[in-house]
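Asker: Under numbering that gives the first Met the number 0, the letters of the sequence shown match residues 0 to 562, in that order.
Glycine residues also receive a C-beta, built at the ideal position from the N, C-alpha and C atoms.
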Amino acid sequence: MDEAEGKSKQPSSESHRVATSDDIEVSTYLEIAKEISGEQPVASEEAISPAEREAIIVIDFGSQYSMLIARRVRECQVYCELLPYDTPWEKIASLNPRGFILSGGPASVYEPGAPLAPAYIYESHLPILGICYGMQVLTKQLGGTVAPGTKREYGHAILYLSDVDSPLFTDLPASSPVWMSHGDRIEEMPPGFTALAYTENSPVAVMGNGEGIFGLQFHPEVAHTPEGKTILKNFVYRICGRQGNWTIGSFIEESISTIRKQVGKGKVISALSGGVDSAVVATLIHRAIGDQLTCIYVNHGLLRREEVERTFNVFRLNLGMNINHVDASERFLSRLKGVVDPEMKRKVIGEEFIRVFEKEAKKIGKVEFLAQGTLYPDVIESASSGSRASAKIKTHHNVGGLPAKMRLNLLEPLRNLFKDEVRQVGLALGLPEEMVWRQPFPGPGLAIRIIGEVTKKKLEILRAADWIVMNEIKKAKLYRQLWQSFAILTDVKSVGVMGDYRTYGYLIAIRAVNSDDAMTADWSRLPYDLLGRISNRIVNEVPEVNRVVYDITSKPPSTIEWE
Ligand code: XMP
């Protein structure tokens, strides 16, 4: 049927798309280039050690909200890490744990092989907060009984406090909405526990043992539990005794001193892509070690209008960094001649990037460290899948014949941060707002937004149209709200009329999406007036274009990019 409808199907494993930023993609090319040139610097697998920082540890049982718990705790200015439930004690101990939160999860505690909390959690005598499945784990392991619920409780419920004096409930009203999502229920609490709050369907919605162990049947981390953050804050401040001194300022100070220690007199090399992560990494490292850092910025000629100048000005002129700027646009363009297949475009661009980097990296001589903008979600994902994030991207991009094992060592100062924290660090380091809030932009750039062959002329047309889209979206103050917004130059030409003349011009498509992580996305309901202004300006200001359409498909079944 698909064939009849003109769609061609490919197994998704063959796709080389990545749901990641150009930052990681570009720095991965640099990593590969150094590997090819035979450079293998000193080993330091571990990234920045957390020094004297103390942490709340979220033990992950696989809930979709686990990462959110860690973010909420950090919003209380308390450092928090998310680790799989089978993490060895040595790793946990190195983080100076001051309390545990057991996350929710999809399993049932009485299923054979259901994940449980490691014994060290109870033996540590540190405070514990079990959330949903985490509460059921506590109950089972501490001698209570969990039973399958007769009906699943899912959605809004009202929480009524029965022990208003519990320190977990400080500043909480006597009743408040909470978000429930569970099938199993606590039939019998473990010895020493009492019910501290209830809902209509859950007589034990909150339980505690008076010795720092609590269970919550609902999810305090989600927005549907408006008082949830107060509960988490009470747990980390009042039960675990934290003080809220983990701030962006303290992170920057701590990172600078760790980078100095780690790097010593060594040299660091970093790839700039114009994206926020690589910009923040470079600025942070530069603050720590100055001219020991060299950045490589490759202009592949597939960037948006004024992008190169802006990035270059910020880093070279404002921040005074060492930048090797390579204008390789002609080289990329000639390699892309005649290439129409999207994956082939990616392959060609990837290979060419590596060639350019290889040449540049050689010029710098011996380098001990490669900086990368790896973020915490990449680390969590790679810990759970057992593979390094960069390795995964390499296979996605299939740059051909690369050794599976990379022995290069990375400097990844952002590996414990979430994206919004990276933005705050960027702002605190003095990066311009425009750079810090930049929407994601794919590594292969405009090449995958020009359907069919990429030519200089088509790049000019697309840049002009894209400039108008960006300009209007920013004027409408929607830029930050949208995940991505951009123009696509299709290979369709259509007939139009302008004045007394018939025209035969290009069709431009506009894409604007809302998304949290690029895995799924919804098309943005942009105001008609705004779409009208964009369309008008494009057909008036870009002579080669006589028609504009708006893409109203979501992902899935479409993707964000057209190629
Ligand atoms: P799709 O089009 O797959 O895109 O929905 C998801 C996210 O990934 C970006 N993207 C890429 N980023 N190299 C990149 O660095 C690529 O080849 C690539 N392809 C897509 C896309 O912009 C979106 O943010």
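How far does the alpha helix (DSSP H) with residue 434 in it extend, from its first residue to its last?
Answerer: 432-435
Asker: What's the C-alpha gap between residue 224 and residue 132?
Answerer: 17 Å
Asker: When you compare only the Cα positions, how much space is there between residue 547 and residue 448?
Answerer: 15 Å
Asker: Starting from residue 285, follow the alpha helix (DSSP H) in both directions and report where the run begins and ends.
Answerer: 275-288
Asker: Round the Cβ separation of residue 427 and residue 248 to the nearest angstrom and send it over; I've been treating them as touching at under 8 Å.
Answerer: Between residue 427 and residue 248 the beta-carbon gap is near 7 Å, inside 8 Å, which marks them as a contact.
Asker: For residue 561, which residues of its own chain have a beta-carbon under 6 Å away from its beta-carbon, when the five flanking residues on both sides are left out?
Answerer: The residues are 487.
Asker: Taking the beta strand (DSSP E) that residue 506 falls in, what are its first and last residues?
Answerer: Here the beta strand (DSSP E) through residue 506 covers 500-513.
Asker: Determine, using beta carbons only, whether residue 71 and residue 241 come nearer to each other than 8 Å.
Answerer: No. Outside cutoff.
Asker: Out of 498, 422 and 528, point me to the one whose CA is closest to residue 474's CA.
Answerer: Of 498, 422 and 528, the residue nearest in Cα terms is 528.
Asker: Closest to residue 115 by C-alpha separation, out of 227, 156, 126 and 135, would be which residue?
Answerer: 135
Asker: Which of the three DSSP states is assigned to residue 153 in this structure?
Answerer: Correct three-state label for residue 153: strand.
Asker: Since residue 300 contacts residue 250 with CB under 8 Å, what's their CB separation in whole angstroms?
Answerer: At roughly 36 Å, the Cβ-Cβ gap does not stay under 8 Å, so residue 300 and residue 250 are not in contact.
Asker: Does the Cβ of residue 442 lie closer than 7 Å to at least one heavy atom of the ligand XMP?
Answerer: Indeed, a heavy atom of the ligand XMP lies less than 7 Å from the Cβ.
Asker: Am I right that residue 274 and residue 440 are in contact with their C-beta atoms under 8 Å? What's the rounded C-beta distance?
Answerer: 7 Å
Asker: Straight-line CA distance for residue 236 to residue 433?
Answerer: Looking at the backbone, the Cα of residue 236 and that of residue 433 are separated by about 36 Å.
Asker: Are there 16 or more other CB atoms within 10 angstroms of the CB of residue 559, so buried, or fewer, so exposed?
Answerer: buried
Asker: Under 8 Å, do residue 266 and residue 203 count as touching if we go by C-beta distance?
Answerer: no
Asker: According to DSSP, residue 83 sits in a beta bridge with which residue or residues?
Answerer: 59
Asker: With burial defined as no fewer than 16 other Cβ atoms inside 10 Å of the residue's Cβ, what is the status of residue 181: buried or exposed?
Answerer: buried
Asker: Residue ranges of each alpha helix (DSSP H) run of no fewer than 4 residues wholly in the stretch 228-280, ordered along the chain?
Answerer: For the stretch 228-280, the full-length alpha helix (DSSP H) segments reaching 4 residues or more read 247-262 along the chain.
Asker: Contact between the stretch 307-322 and the stretch 333-349 is defined here as three or more beta-carbon pairs at a separation below 8 Å; is this criterion met?
Answerer: no
Asker: Pull up the distance between the alpha-carbon of residue 563 and that of residue 413, whole angstroms please.
Answerer: In the structure as shown, the chain starts at 0 and stops at 562, and residue 563 therefore has no counterpart that could be examined.
Asker: Under 8 Å, do residue 544 and residue 533 count as touching if we go by C-beta distance?
Answerer: no
Asker: Just how far apart, CA to CA, sit residue 494 and residue 28?
Answerer: 43 Å
Asker: Work out the CA separation of residue 200 and residue 156 for me, nearest whole Å.
Answerer: So the two alpha carbons sit approximately 8 Å from each other.
Asker: Just the Cα atoms here: how many angstroms apart are residue 482 and residue 234?
Answerer: 34 Å
Asker: Should residue 551 be counted as a contact of the ligand XMP given a C-beta to heavy atom distance under 7 Å?
Answerer: Residue 551 Cβ: outside cutoff for every heavy atom of the ligand XMP.
Asker: Which term fits residue 261, buried or exposed, when burial requires 16 or more other beta carbons within 10 angstroms of its beta carbon?
Answerer: buried
Asker: Once the 5 residues before and after residue 272 are set aside, which same chain residues still bring their CB inside 6 Å of it?
Answerer: 21, 22 and 25
Asker: Give me the residue from 359, 429, 140 and 169 with the minimum Cα distance to residue 188.
Answerer: 140
Asker: Identify the residues that DSSP records as bridge partners of residue 215: which are they?
Answerer: 130 and 205
Asker: Cα separation between residue 317 and residue 435?
Answerer: 15 Å
Asker: Jot down the residue ranges of each uninterrupted beta strand (DSSP E) in the stretch 279-346, minimum 3 residues, whole runs only, in chain order.
Answerer: 292-298 and 321-326
Asker: Could you check which residue in 500, 477 and 504 has the C-alpha nearest to that of residue 526?
Answerer: 477
Asker: For residue 230, which option in 192, 160 and 34 has the closest C-alpha, if you only look at C-alpha atoms?
Answerer: 160
Asker: Consult DSSP for residue 536 and reduce its assignment to one of helix, strand or coil.
Answerer: helix
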